[in-house]
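Taking it in order: structure first as C-alpha cells, then the write-up.
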Amino acid sequence: MRTTAKLSVAVAVLTVAALPTLAQEGGWGSVSFGLQAGFSKLEGDLEHPRLCPTIGGQVEYAPVPYFGLRVAASYAILNSRDYAERAALQWDKTIAMPVDGEMVFRLFPLKSVTPYASLGAGALYWRSTQAGTGTIRKGWDAFGKVGGGLQFRLAEVLAFSIGTDVRVIAVDALENRESGDETDGILFPHARLSFSFPTRDRNDRDHDGVPRELDLDDSIAEDDDGYLDHDGLPEENPDFARYYHGKMKLVEEAREIARQEAVPQNKPVVIHHPIRRAEWHHSLKLVADVYADSLMLCAALYRPEPDAKWSVVPMLPHPSVPFRYEASLPDSVVHSGLSYLVAAVNADKTSIGYSGLPRRPLQVKVFSHASRWRRVGGTVAALGWSAAGFWVLRRQK
28 MRTTAKLSVA VAVLTVAALP TLAQEGGWGS VSFGLQAGFS KLEGDLEHPR
78 LCPTIGGQVE YAPVPYFGLR VAASYAILNS RDYAERAALQ WDKTIAMPVD
128 GEMVFRLFPL KSVTPYASLG AGALYWRSTQ AGTGTIRKGW DAFGKVGGGL
178 QFRLAEVLAF SIGTDVRVIA VDALENRESG DETDGILFPH ARLSFSFPTR
228 DRNDRDHDGV PRELDLDDSI AEDDDGYLDH DGLPEENPDF ARYYHGKMKL
278 VEEAREIARQ EAVPQNKPVV IHHPIRRAEW HHSLKLVADV YADSLMLCAA
328 LYRPEPDAKW SVVPMLPHPS VPFRYEASLP DSVVHSGLSY LVAAVNADKT
378 SIGYSGLPRR PLQVKVFSHA SRWRRVGGTV AALGWSAAGF WVLRRQK
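According to the working numbering, the stretch in the sequence shown is residues 28 to 424, in order.
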C-alpha cells in the first residue's frame, strides 16, 4: 500500500504541475454525460471473489480533447462465489458505492480510436451484511484510483469506451476479514457510453465549426453533409445520389458508368467533409468526392497564416474508389491560422465546383500541445498502471 500510494502521489504532483501550461488551448471545450456498466471484483482476502454486476454514471468537463476532469459514481454488491467461505467469515455480501473524481488523459483524441488513462481519488460508502444478523460493519473510506482503456468515437457527440478501474481502499474489512499487510481494493472492468455537448464559444455560437466572421447564419448549424459546408448555412444537395452505386462496382465497371451517364449539373459537385481540428506539425489528409462528366483538375489551396499567399497541391484520384480524390497538406504548414479550400474545374474550363472559397475558407483549429499532452498521459499510464499492477500481483505478508 505504501509503495502504491507514493507512486500515485508522484504521478498526481507531476500532472498538476504541468496542467497550467498545457491547458492554454482556447476555443474548445465540452461537457459529457455517460452511463457505465460492468463487473466489480473484490481484491482483498477472499479466496473465491465473484464478478458482480455494477452500474454507474459520470460527468466530465474537457477543456481540451486531450484532458478531462471527471466525477463518477457506481453501485455494486460484492461477495464470494463459495458458500463455505462466506459461512466461515460469517458474512454474505458488501454493498459498495464509490464516488470519485479523476483526471482523464486521451492520447490520440482526434482519431476515431484512442487509448486513455485516468488517475483520481474518492470516497467509498460500504456496508457488509449477513442474513439474520443484518449490518456487520459500514463506513466511509478514502481510496486512490487508476484507470485506462480504449475510447471509440462513434459520432461527433457520441463515444463508446471499454476499460478497467482499480481502486485501492484505505480499509481492510470489506469482507469482514482483516489480515495481511494490504488493504482491500475493487477491480471494475466496464463499458461506457457517453454523450458530449460543446461549451459556449462566442466565436462559434451554433457549434458547427464555422467561426462567426465566416458564418452566414450563426443561429443555425451547418448540416455537415459535405456539400458547401464552408459558409455555415445548410444547402440542399444536388441530385448525385445515382452515382453512389458506382462505388459498389469494380473500378472498370464504375468508370464505364461514369462515361455513359451525364451528371445533372454542368458544374462539378464537390462533396468534402471539412477538417475542423488538427495537431501541430502533423500532415493533414484531405478527401473529396467529385462528381463531373469530365474533369480537368481537382486541387486543394491552403495557407498557414491569414495573410499568407495561397499554395496549391493537386488532389489525385483514389486507385479503387470512383469519383474520390485525395491529397495531403505537409506537416510544416499545419499550425495556428491554417485555412484551406477544395476546388474542381471541369474539362472545358467553364465551371468550378468547390468546398470553401478564398474569402470564406475552411478554417482548422490546430492544437499546439498535442505531443506534451501525450507525454503527460503516457507518464500517467505507465506509472499509474505499474503501481496498480504491483499492488494487484503482490502477495500479502
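For each residue, glycine too, the CB sits at the ideal point set by N, CA and C.
- In this model, L243 and Y381 are separated by some 17 Å (Cα to Cα).
- Of the other Cβ atoms in all chains shown, fewer than 16 fall within 10 Å of the Cβ of V140; this residue is therefore exposed.
- In the three-state reduction of the DSSP assignment, W167 falls in the strand class, which pools E and B.
- Rounded to whole angstroms, the separation of the alpha carbons of P295 and S378 is 7 Å.
- Under the Cβ criterion (8 Å, minimum of three pairs), the stretch 82-90 does not count as touching the stretch 104-118.
- Contact between G83 and S101 holds: CB atoms are separated by about 3 Å, below the 8 Å threshold.
- With respect to the 9 Å criterion, P385 and L368 are classified as neighbours on the basis of their beta carbons.
- In its chain, beyond the 5 residues on either side, L328, Y329, R330 and P385 have a beta carbon closer than 8 Å to the beta carbon of W337.
- DSSP, read as helix, strand or coil, puts V348 in coil.
- Here DSSP, grouped into helix, strand and coil, assigns W307 to coil.
- If you draw a straight line from the Cα of L185 to the Cα of L137, it comes to about 13 Å.
- Shown here for P301: same chain residues with a beta carbon closer than 6 Å to its own, the five before and five after excluded, namely D256 and L389 in chain order.
- The alpha-carbon of S145 is positioned some 7 Å away from that of A408.
- In terms of CA proximity to V339, V360 leads the group H217, V360, W118 and P346.
- Judged by pairs of C-beta atoms under 8 Å, the stretch 369-376 touches the stretch 306-319, as three or more such pairs exist.
- Minimum Cα-Cα distance from G166 among the listed residues V193, P125, G147 and Y143 corresponds to P125.
- For P142, the closest alpha carbon among the candidates A150, A148, R133 and G149 is that of R133.
- Put simply, of E262, R401, C79 and L62 the residue whose alpha carbon is nearest the alpha carbon of S223 is L62.
- When beta bridges are read from the DSSP output, S67 appears opposite C79.
- Our two residues, E332 and A123, have alpha carbons roughly 55 Å apart in a direct line.
- Under the DSSP assignment, Y254 falls outside any beta strand (DSSP E); it carries neither an H nor an E label.
- DSSP, reduced to helix, strand and coil, places V419 within a helical segment of the structure shown.
- In terms of CA proximity to P80, T121 leads the group S59, G71, T121 and D109.
- Residue range L322 to R330 is occupied by the beta strand (DSSP E) that includes L322.
- In the DSSP annotation of this structure, the continuous segment of the alpha helix (DSSP H) that includes Y110 starts and ends at Y110 to L116.
- Contact between V393 and W307 is confirmed by a C-beta separation of about 6 Å, below the 8 Å threshold.
- Following the DSSP letters along the chain, one finds A144 inside the beta strand (DSSP E) bounded by residues V140 to Q157.
- Counting the other Cβ atoms within 10 Å of the Cβ of P349 gives 16 or more, which makes it buried.
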